[in-house]
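A.B. asks: Protein chains in written order, with the numbering used here: chain A, 7 to 335; chain B, 7 to 335.
Number of protein chains: 2
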Amino acid sequence: MATIKDVAKKAGVALSTASYALNNSNKISEATRKKVEEAARALNYKKNGPASDLKRTKTNTIALILSDLSGPFYSELIQGVQDVAMSNGYDLIACNSIGGNDSTAVKFLREKRVDGAIILAHNISDTIALESAKNGFPIVVLDRELEGEFIFHVEVDNIQGAFSATEYLIQQGAEKLAFVSGPVNSFDNKRRLEGFEKALEEYNISKKNKWKLSGDFTREGGYRATNLLIAQQELPDGIFYANDEMAIGGMKAFEEKGITIPNDILIIGFDDINLTEFTNPPLTTIRQPKYDAGALATHLIFQVLHGEEIKHHYSLPTSLIERNSAKLT
Amino acid sequence: MATIKDVAKKAGVALSTASYALNNSNKISEATRKKVEEAARALNYKKNGPASDLKRTKTNTIALILSDLSGPFYSELIQGVQDVAMSNGYDLIACNSIGGNDSTAVKFLREKRVDGAIILAHNISDTIALESAKNGFPIVVLDRELEGEFIFHVEVDNIQGAFSATEYLIQQGAEKLAFVSGPVNSFDNKRRLEGFEKALEEYNISKKNKWKLSGDFTREGGYRATNLLIAQQELPDGIFYANDEMAIGGMKAFEEKGITIPNDILIIGFDDINLTEFTNPPLTTIRQPKYDAGALATHLIFQVLHGEEIKHHYSLPTSLIERNSAKLT
DNA sequence: CTGTTAGCGCATTCAT
DNA sequence: ATGAATGCGCTAACAG
Chain A
7 MATIKDVAKK AGVALSTASY ALNNSNKISE ATRKKVEEAA RALNYKKNGP
57 ASDLKRTKTN TIALILSDLS GPFYSELIQG VQDVAMSNGY DLIACNSIGG
107 NDSTAVKFLR EKRVDGAIIL AHNISDTIAL ESAKNGFPIV VLDRELEGEF
157 IFHVEVDNIQ GAFSATEYLI QQGAEKLAFV SGPVNSFDNK RRLEGFEKAL
207 EEYNISKKNK WKLSGDFTRE GGYRATNLLI AQQELPDGIF YANDEMAIGG
257 MKAFEEKGIT IPNDILIIGF DDINLTEFTN PPLTTIRQPK YDAGALATHL
307 IFQVLHGEEI KHHYSLPTSL IERNSAKLT
Chain B
7 MATIKDVAKK AGVALSTASY ALNNSNKISE ATRKKVEEAA RALNYKKNGP
57 ASDLKRTKTN TIALILSDLS GPFYSELIQG VQDVAMSNGY DLIACNSIGG
107 NDSTAVKFLR EKRVDGAIIL AHNISDTIAL ESAKNGFPIV VLDRELEGEF
157 IFHVEVDNIQ GAFSATEYLI QQGAEKLAFV SGPVNSFDNK RRLEGFEKAL
207 EEYNISKKNK WKLSGDFTRE GGYRATNLLI AQQELPDGIF YANDEMAIGG
257 MKAFEEKGIT IPNDILIIGF DDINLTEFTN PPLTTIRQPK YDAGALATHL
307 IFQVLHGEEI KHHYSLPTSL IERNSAKLT
């Protein structure tokens, strides 16, 4: 492999001259720059990234850490991150956090391979996030609340969203409300439950424990939880699924049992994933401003990298997407 | 930031000793290893990744290059890549190729930031792929055919898949067949067209140019192409959409015009994406072995990295997923 | 504008 | 088992 040394030699200039020329420094004459560039091309020279990073002590890239690269993670969110990163001249890489402390994510979090990170990965421990965030290495968490000098938090207003969802169900005539929850330790899930219960209280509806099921945020979980619900003697007339995947699983369960939505029961989801407009009936849900969340998170990274002082917590509003699964017409 | 030097000092050992201890060398006594590890923990020491990579001239990670990180890229494929990479003790990062030669992808391809790459990104030029692949840096391309000593190619058998799709349409009674194509320069698309035409030939069905529309592999493209098709005087009785997204767009167009599937027209897609079972009617399509493709591609990378001599081209079979969009019952 | 030089942090000899 | 020394490839300060 040709190194910059070879390029310099071939171009007949000093090592540093070659370096300057290749890095678009303005202290190099056009003529010599041309010469250097030509030599580089001739030798098929490519700089060694790690060496460059090492010397500069920065990488010009940020990482987006996802719990599962292959999961149905929010493509809009990524879009937001990507757009902002690109427009700041930064590179973006996505890495996954499966594998615990040996995961790629942890490696990138600790080993100075990137300049900042955005975390949306429940399986990264708070400790690791806390330890990794430092001056010059800001972290934005999207899926938990965490306090640290270089940790920032952007969240979607789960409470308000869940409240709206529940309220909508009530306004459509539901009086007996069930909640299908995600993993109990999920931050988002907790907040959504909070919003749900707040609405019940406000509208003076009693909450029943038998109508608080756990669905693990997965389609299968939603399916199982719904079957459990059906198996119990009394069916609620409205269900708030803490995410869309579970709602989709639930729809399948209802369909199998001949229970029709929205005639027999009203359901509403959360997230507004891709599939929701294709379900039968189309799923009413709470839309998260995912693009905005990604864009904001990335903005924060750069602000901190530029030494600005900023707030540590941000909350983004949701909106209700009215389709047919919760409408009594 | 603590460096390994600090760790050594704190542990009261030599620099090299600390290095050995931290890298699990077997020439270190358990006692001193403990001591070193403790010192590292106490100082919150984290090795500097780029420095390590630089010295070792390898990174232990491979890159998966996607044309758009936020796109609906194949989650199963990623899963396959991820599984194999992990089981080989390698890290995986995903990076996008938007932005041409300034893209993250190109940076990772050229600058020794990874040890190998899998490309599924039409906007990476052949030239770049060819230039980047070298001994010690194998590249597997999934979306084109490319010849090079360190370039490998795994493809899904598009021709056979398209042939089956078309044949199925014919077997279901279709006689007037249309093809909605993706981008003309797409390798996959070309092959699918080839399979389509081969089937027409074999079954003695004439191909009409007016029934070869372009849909760009997008939902909107499929929608537009289908409207074009409808606008023409004569409707075919079967359509092969070169991918599912376009088929979904097409279904929308038909629905708007009151043309029902499969009664009025038979349609079939290609890919078997997530949504297909939720469309109305569920979309019959050709399933690609995406997980296998990802896993195989990754396997190849490691074989080459281990110095094995392997074939340069691989083809994986598809299968027909029978649902209701192409069945006359 | 150019050349010389000194590390960036680490892994790896080679001597002890 | 250890310590000293070397250099991976590159950048940037400095002196010309």
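We treat Cβ as the ideally placed atom computed from N, Cα and C, and that holds for glycine. These numbers come from a predicted model, not from an experiment.
Identify every run of the alpha helix (DSSP H) within the segment 137-177 of chain A, keeping only runs that are complete inside it and at least 4 residues long; order them along the chain.
C.D. replies: 164-177
A.B. asks: Which class does alanine 123(A) belong to by DSSP, given the choice of helix, strand or coil?
C.D. replies: As a first step, residue 123(A) must be located in the first sequence, where it is residue number 117. Three-state result, alanine 123(A): strand.
A.B. asks: Please check if any C-beta of chain A sits within less than 8 Å of the C-beta of phenylalanine 284(B).
C.D. replies: The residue you call residue 284(B) lines up with position 278 of the second sequence. True, the Cβ-Cβ gap to chain A drops below 8 Å.
A.B. asks: Apart from the five residues just before and just after valine 3(A), which ones in its own chain have a Cβ nearer than 6 Å to its Cβ?
C.D. replies: The shown model of chain A, from 7 to 335, leaves out residue 3(A), and the question about it has no answer.
A.B. asks: Rounded to the nearest angstrom, what separates valine 338(B) and serine 170(B) at their Cα positions?
C.D. replies: Past the edges of chain B, shown from 7 to 335, lies residue 338(B), and the structure says nothing about it.
A.B. asks: List in chain order: all unbroken beta strand (DSSP E) runs of 3+ residues lying wholly within the segment 215-290 of chain B.
C.D. replies: 218-220, 244-247 and 272-274
A.B. asks: According to DSSP, is leucine 75(A) part of a helix, a strand, or is it coil?
C.D. replies: Looking up residue 75(A) in the first sequence gives position 69. It is coil, neither helix nor strand.
A.B. asks: Are the C-beta atoms of arginine 119(A) and some chain B residue less than 8 Å apart?
C.D. replies: The residue given as residue 119(A) occupies position 113 in the first sequence. The Cβ of arginine 119(A) sits closer than 8 Å to at least one Cβ of chain B.
A.B. asks: Any Cβ of chain A within less than 8 Å of the Cβ of leucine 1(B)?
C.D. replies: Outside the modelled stretch of chain B, which goes from 7 to 335, sits residue 1(B), for which no answer is possible.
A.B. asks: Relative to the C-alpha of aspartate 298(A), which residue among Ile279(A), Phe276(A) and Ser321(A) is closest?
C.D. replies: Counted from its first residue, the first sequence places residue 298(A) at position 292. Comparing Cα positions, the closest option is Ser321(A).
A.B. asks: Leaving out the 5 sequence neighbours to the left and right, which residues in its chain are closer than 6 Å to tyrosine 209(A) when beta-carbon positions are compared?
C.D. replies: In the first sequence, counting from the first residue as 1, residue 209(A) sits at position 203. Counting only Cβ-Cβ distances below 6 Å, and skipping sequence neighbours, we find Ile176.
A.B. asks: With 7 Å as the C-beta to C-beta threshold (strictly closer), list the residues of the segment 34-59 of chain A near chain B in chain order.
C.D. replies: Here the close residues are Asn50, Lys52, Lys53, Asn54, Gly55, Pro56, Ala57 and Asp59.
A.B. asks: Taking the beta strand (DSSP E) that asparagine 102(B) falls in, what are its first and last residues?
C.D. replies: The residue you call residue 102(B) lines up with position 96 of the second sequence. Start and end: 97-102.
A.B. asks: Cβ of serine 325(A) less than 8 Å from any chain B Cβ?
C.D. replies: Taking the first sequence and counting its residues from 1, one reaches residue 325(A) at position 319. It does not: the Cβ of serine 325(A) has no partner Cβ on chain B nearer than 8 Å.
A.B. asks: So alanine 332(B) packs on tyrosine 174(B), CB below 8 Å; how close in whole Å?
C.D. replies: Position 326 of the second sequence, counting from 1, holds the residue named residue 332(B). Position 168 of the second sequence, counting from 1, holds the residue named residue 174(B). For alanine 332(B) against tyrosine 174(B), the beta-carbon gap comes to about 6 Å, under 8 Å, which counts as contact.
A.B. asks: Find the nearest neighbour of arginine 293(A) within the set Ser325(A), His128(A), Trp217(A) and Ile267(A), judged by alpha-carbon distance.
C.D. replies: Locating residue 293(A) in the first sequence gives position 287, where the first residue counts as 1. Among Ser325(A), His128(A), Trp217(A) and Ile267(A), the Cα nearest to that of arginine 293(A) belongs to Ser325(A).
A.B. asks: Any beta carbon of chain A sitting closer than 8 Å to that of glycine 154(B)?
C.D. replies: One-based indexing of the second sequence puts residue 154(B) at position 148. No - not a single Cβ of chain A is within 8 Å of the one on glycine 154(B).
A.B. asks: Going along chain B in order, which residues have a C-beta closer than 9 Å to the C-beta of arginine 150(A)?
C.D. replies: Start at 1 with the first residue of the first sequence, and residue 150(A) comes out as number 144. Residues of chain B with a Cβ closer than 9 Å to the Cβ of arginine 150(A) do not exist, since the nearest Cβ in that chain sits about 21 Å away.
A.B. asks: Under 9 Å Cβ-Cβ, which residues of chain B neighbour glutamate 82(A)?
C.D. replies: Along the first sequence, one-based indexing puts residue 82(A) at 76. Here the neighbours are Ser76.
A.B. asks: With a threshold of 8 Å between beta-carbons, can arginine 293(A) be considered close to chain B, or not?
C.D. replies: The count along the first sequence starts at 1 and reaches residue 293(A) at position 287. Chain B, which has no Cβ nearer than 8 Å to the Cβ of arginine 293(A), makes this no.
A.B. asks: Between the segment 131-142 of chain A and chain B, which residues of the former have CB atoms less than 7 Å from a CB of the latter, in chain order?
C.D. replies: Residues of the segment 131-142 of chain A with a C-beta atom less than 7 Å from some C-beta of chain B are Glu137, listed in chain order.
A.B. asks: Under 8 Å by Cβ, that's how I've got phenylalanine 156(B) and alanine 135(B) pegged, so tell me the actual separation to the nearest angstrom.
C.D. replies: By 1-based counting over the second sequence, the position of residue 156(B) is 150. By 1-based counting over the second sequence, the position of residue 135(B) is 129. The Cβ separation is near 10 Å, so there is no contact.
A.B. asks: Using a C-beta cutoff of 8 Å, does threonine 172(A) count as contacting chain B?
C.D. replies: Taking the first residue of the first sequence as 1, we reach residue 172(A) at position 166. For threonine 172(A), the answer is no, since every Cβ of chain B falls outside 8 Å of its Cβ.
A.B. asks: Between Asp278(B), Lys216(B) and Gln166(B), which has its C-alpha nearest proline 323(B)'s C-alpha?
C.D. replies: Looking up residue 323(B) in the second sequence gives position 317. Of Asp278(B), Lys216(B) and Gln166(B), the residue nearest in Cα terms is Gln166(B).
A.B. asks: Would you mind telling me which residues of chain A sit closer than 7 Å to arginine 197(B), beta carbon to beta carbon, in chain order?
C.D. replies: Counted from its first residue, the second sequence places residue 197(B) at position 191. None at all; the shortest Cβ gap to chain A is about 25 Å.
A.B. asks: In the DSSP assignment, find the unbroken beta strand (DSSP E) run with serine 187(A) in it and report its ends.
C.D. replies: Walking along the first sequence from the start, residue 187(A) turns up at place 181. Residues 183-187.
A.B. asks: Starting from histidine 319(B), follow its DSSP beta bridges and name the residues at the other end.
C.D. replies: Here residue 319(B) refers to the residue found at position 313 of the second sequence. For histidine 319(B), which the question treats as bridged, DSSP gives the partners His159(B).
A.B. asks: If contact means a Cβ-Cβ distance below 7 Å, which residues of the segment 103-119 of chain A contact chain B?
C.D. replies: Gly105, Thr110, Lys113, Arg116, Glu117, Lys118 and Arg119
A.B. asks: Let me see if you follow: with CB-CB separation under 8 Å, is threonine 67(B) close to chain A or not?
C.D. replies: Residue 67(B) sits at position 61 when you count from the first residue of the second sequence. Interface residue, yes.
A.B. asks: Given 8 Å as the limit, is there contact between the segment 71-85 of chain A and the segment 69-88 of chain B, that is, 3 or more CB pairs closer than that?
C.D. replies: yes
A.B. asks: Should valine 160(B) and valine 146(B) be called a contact, given that it needs their Cβ atoms to be closer than 8 Å?
C.D. replies: Position 154 of the second sequence holds residue 160(B). Position 140 of the second sequence holds residue 146(B). Yes, the Cβ-Cβ distance between valine 160(B) and valine 146(B) is below 8 Å.
A.B. asks: Cβ of phenylalanine 246(A) versus every heavy atom of the ligand NAD: is any distance shorter than 7 Å?
C.D. replies: For the ligand NAD, the structure offers nothing, since it holds no ligand at all.
A.B. asks: Output the boundary residues of the beta strand (DSSP E) element that contains serine 325(B).
C.D. replies: Along the second sequence, one-based indexing puts residue 325(B) at 319. Per DSSP, serine 325(B) belongs to the beta strand (DSSP E) from 325-327.
A.B. asks: Between Arg225(B), Leu241(B) and Glu226(B), which lies nearest to lysine 218(B) when the distance is taken from Cα to Cα?
C.D. replies: Locating residue 218(B) in the second sequence gives position 212, where the first residue counts as 1. Ranking the options by Cα distance to lysine 218(B), first place goes to Leu241(B).
A.B. asks: Using a Cβ-Cβ distance under 8 Å, would methionine 252(A) count as near chain B?
C.D. replies: Sequence index remark: in the first sequence, residue 252(A) carries index 246 (1-based). With 8 Å as the cut-off, methionine 252(A) does not count as an interface residue toward chain B.
A.B. asks: Taking the continuous alpha helix (DSSP H) assigned at valine 190(B), which residues delimit it?
C.D. replies: To locate residue 190(B), count along the second sequence from 1; it is residue 184. Looking at the DSSP string, valine 190(B) is not in any alpha helix (DSSP H), and its letter there is neither H nor E.
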